[in-house]
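Number of protein chains: 2
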Amino acid sequence: MPLPKTPLLAVDCVVVDGMGRVLLIRRKNPPYKGMLALPGGFVEIGETVEAAARRELAEETGVEAGRLSLVGVYSDPNRDPRAHTCSVAFLTRAKHHHASAGDDAEAVEWLGNFRRVEFAFDHRKIVADAFKLMKKIASASKNY
Amino acid sequence: MPLPKTPLLAVDCVVVDGMGRVLLIRRKNPPYKGMLALPGGFVEIGETVEAAARRELAEETGVEAGRLSLVGVYSDPNRDPRAHTCSVAFLTRAKHHHASAGDDAEAVEWLGNFRRVEFAFDHRKIVADAFKLMKKIASASKNY
Numbered sequence: 001m002p003l004p005k006t007p008l009l010a011v012d013c014v015v016v017d018g019m020g021r022v023l024l025i026r027r028k029n030p031p032y033k034g035m036l037a038l039p040g041g042f043v044e045i046g047e048t049v050e051a052a053a054r055r056e057l058a059e060e061t062g063v064e065a066g067r068l069s070l071v072g073v074y075s076d077p078n079r080d081p082r083a084h085t086c087s088v089a090f091l092t093r094a095k096h097h098h099a100s101a102g103d104d105a106e107a108v109e110w111l112g113n114f115r116r117v118e119f120a121f122d123h124r125k126i127v128a129d130a131f132k133l134m135k136k137i138a139s140a141s142k143n144y
Numbered sequence: 145m146p147l148p149k150t151p152l153l154a155v156d157c158v159v160v161d162g163m164g165r166v167l168l169i170r171r172k173n174p175p176y177k178g179m180l181a182l183p184g185g186f187v188e189i190g191e192t193v194e195a196a197a198r199r200e201l202a203e204e205t206g207v208e209a210g211r212l213s214l215v216g217v218y219s220d221p222n223r224d225p226r227a228h229t230c231s232v233a234f235l236t237r238a239k240h241h242h243a244s245a246g247d248d249a250e251a252v253e254w255l256g257n258f259r260r261v262e263f264a265f266d267h268r269k270i271v272a273d274a275f276k277l278m279k280k281i282a283s284a285s286k287n288y
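So the protein sequences, as listed, match chains A and B.
Position 137 (the first sequence) corresponds to 137 in our numbering; numbering is contiguous.
Here our numbering runs 144 ahead of the position in the second sequence, where the first position is 1.
#1: Note down, in chain order, all residues in the region 63–94 of chain A with a beta-carbon under 7 angstroms from any beta-carbon belonging to chain B.
#2: Measuring from the CB of B/Ala-245, is there a heavy atom of the ligand SAM at a distance below 7 angstroms?
#3: How do the region 230–244 of chain B and the region 156–164 of chain B stand: do at least 3 beta-carbon pairs fall below 8 angstroms, yes or no?
#4: Report yes or no: do three or more beta-carbon pairs, one from the region 214–225 of chain B and one from the region 42–51 of chain A, lie closer than 8 angstroms?
#5: Determine the closest residue to B/Ile-281 out of B/Thr-236, B/His-240, B/His-242, B/Ala-245, with distance taken between C-alpha atoms.
#6: Can you grab the Cα-Cα spacing for the pair A/Val-127 / A/Leu-68, in whole Å?
#7: Please report the distance separating the alpha-carbon of B/Ala-245 from that of B/Ala-197.
#8: With a threshold of 7 angstroms on Cβ separation, who are the neighbours of A/Val-43 within its own chain once the five nearest residues in sequence on each side are excluded?
#9: With a threshold of 8 angstroms between beta-carbons, can B/Ile-189 be considered close to chain A, or not?
#10: Counting only beta-carbon separations shorter than 8 angstroms, does B/Leu-153 have a partner in chain A?
#11: Helix, strand or coil for B/Leu-212 per DSSP?
#12: Enumerate in chain order the residues of its own chain whose CB-to-CB distance from B/Pro-221 is below 8 angstroms, with the five nearest sequence positions on each side excluded.
#13: Which ranges does the alpha helix (DSSP H) cover as unbroken runs of at least 4 residues, wholly within the region 38–123 of chain A, from first to last along the chain?
#14: Take every Cβ of the region 102–115 of chain A, pair it with every Cβ of the region 20–36 of chain A, and state whether three or more of those distances are shorter than 8 angstroms.
#15: Whose C-alpha, out of A/Glu-60, A/Ile-45, A/Arg-79, is nearest the C-alpha of A/Leu-38?
#16: Strictly under 8 angstroms for the Cβ-Cβ distance: is A/Leu-3 near chain B by that measure?
#17: For A/Asp-104, which option in A/Pro-2, A/Lys-33, A/Leu-3, A/Ala-130 has the closest C-alpha, if you only look at C-alpha atoms?
#18: In terms of residue numbering, what span does the beta strand (DSSP E) encompassing B/Val-299 cover?
#19: Please identify, using Cβ separations under 8 angstroms, the residues of the region 28–53 of chain A that lie next to chain B, in order along the chain.
#20: At the level of alpha carbons, what is the spacing between B/Val-261 and A/Lys-28?
#21: What residues from chain B crowd round A/Thr-61, counting only those whose CB sits closer than 8 angstroms?
#22: Taking C-alpha atoms, which residue in A/Pro-4, A/Met-35, A/Met-134 lies nearest to A/Phe-114?
#23: With distances taken between CB atoms, is the gap from A/Pro-81 to A/Pro-4 smaller than 8 angstroms?
#24: Quick one: Cα of A/Val-63 to Cα of A/Ala-94, how far?
#25: Return the chain-ordered list of same chain residues with a C-beta closer than 8 angstroms to the C-beta of A/Asp-129, the five sequence neighbours on each side being excluded.
#26: Using only the alpha-carbon positions, how far apart do B/Gly-256 and B/Phe-275 sit?
#27: Return the CA-CA distance between B/Ala-264 and A/His-123, expressed in angstroms with no decimal places.
#28: Can you pull the DSSP bridge partners for B/Val-155?
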């Protein structure tokens with residue numbers, strides 16, 4: 001049986017610091033060129049999604065990811081105008097705060113107040129889901 | 145920029161009944177032909193992972209999925225001998241218990257004691273993770 005064609009696979013990282021700020025990049029390339037987005041990118045064949053998340057974060061921001069927690073899987077066929085792309089999103093803490101733009105990122109910033117920010121793709125939804133997960137983790141650790 | 149090649153995208157369903165039994169299929173085709181596996185399959189372009197999980201479950205077992213809870217994302221490059229395939233696994237309850245084999249399934253069964261069963265792929269790990277998630281959900285609902 002020939003192998004099927006399936007959606008492309010990507011990853012995104014929600015990196016949060018102790019003040020609740022999120023690490024965002026300004027996109028250098030289309031789609032959504034110039035807009036704020038989560039660090040992330042396509043998964044390579046032979047690479048786990050976790051390894052891809054660490055690699056993309058390091059390439060785009062210079063930041064090394066801590067422990068990764070799965071936020072969700074985002075697979076709406078229209079979420080990326082290039083092609084149907086399914087993204088696996090992770091929440092993580094940075095091992096240090098020194099971020100510098102690289103690869104697909106024109107700039108990189110820690111953003112605290114992103115209520116009025118226009119995000120690329122469905123990244124606003126991913127950030128919101130990541131904050132819900134953080135609350136759950138905090139509440140679960142209180143119960144033990 | 146041309147679109148990259150990424151791992152294939154699949155879904156698997158851990159369907160559990162009120163007695164803790166799991167719905168398994170006996171695989172009709174290679175790889176792991178004749179072995180027990182979770183219902184699942186490749187995601188089609190234009191389809192969300194949730195829709196693919198419901199479709200594959202219905203095609204292989206005739207069972208309609210209830211609410212889907214994300215168990216995990218399994219992306220070890222060696223987990224499928226055909227090609228690097230990333231699977232998104234969901235936990236769900238069946239809306240009814242009348243299962244009948246179809247599509248890639250030679251037989252279908254509700255299995256209660258699967259400690260000594262040899263599973264196809266990494267499905268033992270996925271089932272174990274799904275049971276951990278069930279415990280978490282039960283414990284969280286007790287705390288509210």
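Cβ atoms here follow ideal geometry from the backbone N, Cα and C, with glycine treated the same way.
Short version:
#1: Leu-70, Gly-72, Val-73, Ser-75, Asp-76, Pro-77, Arg-82, Ala-83, His-84, Cys-86, Val-88
#2: Because no ligand of any kind appears in the structure shown, any question about the ligand SAM cannot be addressed here.
#3: yes
#4: yes
#5: B/Thr-236
#6: 15 angstroms
#7: 16 angstroms
#8: Leu-9, Ala-10, Val-11, Val-49, Ala-52
#9: yes
#10: yes
#11: coil
#12: Pro-151, His-228
#13: 49–61
#14: yes
#15: A/Glu-60
#16: yes
#17: A/Lys-33
#18: Here chain B has residues from 145 to 288 only, and residue 299 of chain B is not among them.
#19: Asn-29, Phe-42, Val-43, Glu-44, Ile-45, Gly-46, Glu-47, Thr-48, Val-49, Glu-50
#20: 51 angstroms
#21: Residues of chain B passing the Cβ test: none, with the nearest at roughly 20 angstroms.
#22: A/Met-35
#23: no
#24: 6 angstroms
#25: Val-71, Gly-72, Ala-89
#26: 13 angstroms
#27: 35 angstroms
#28: B/Gly-185, B/Val-232
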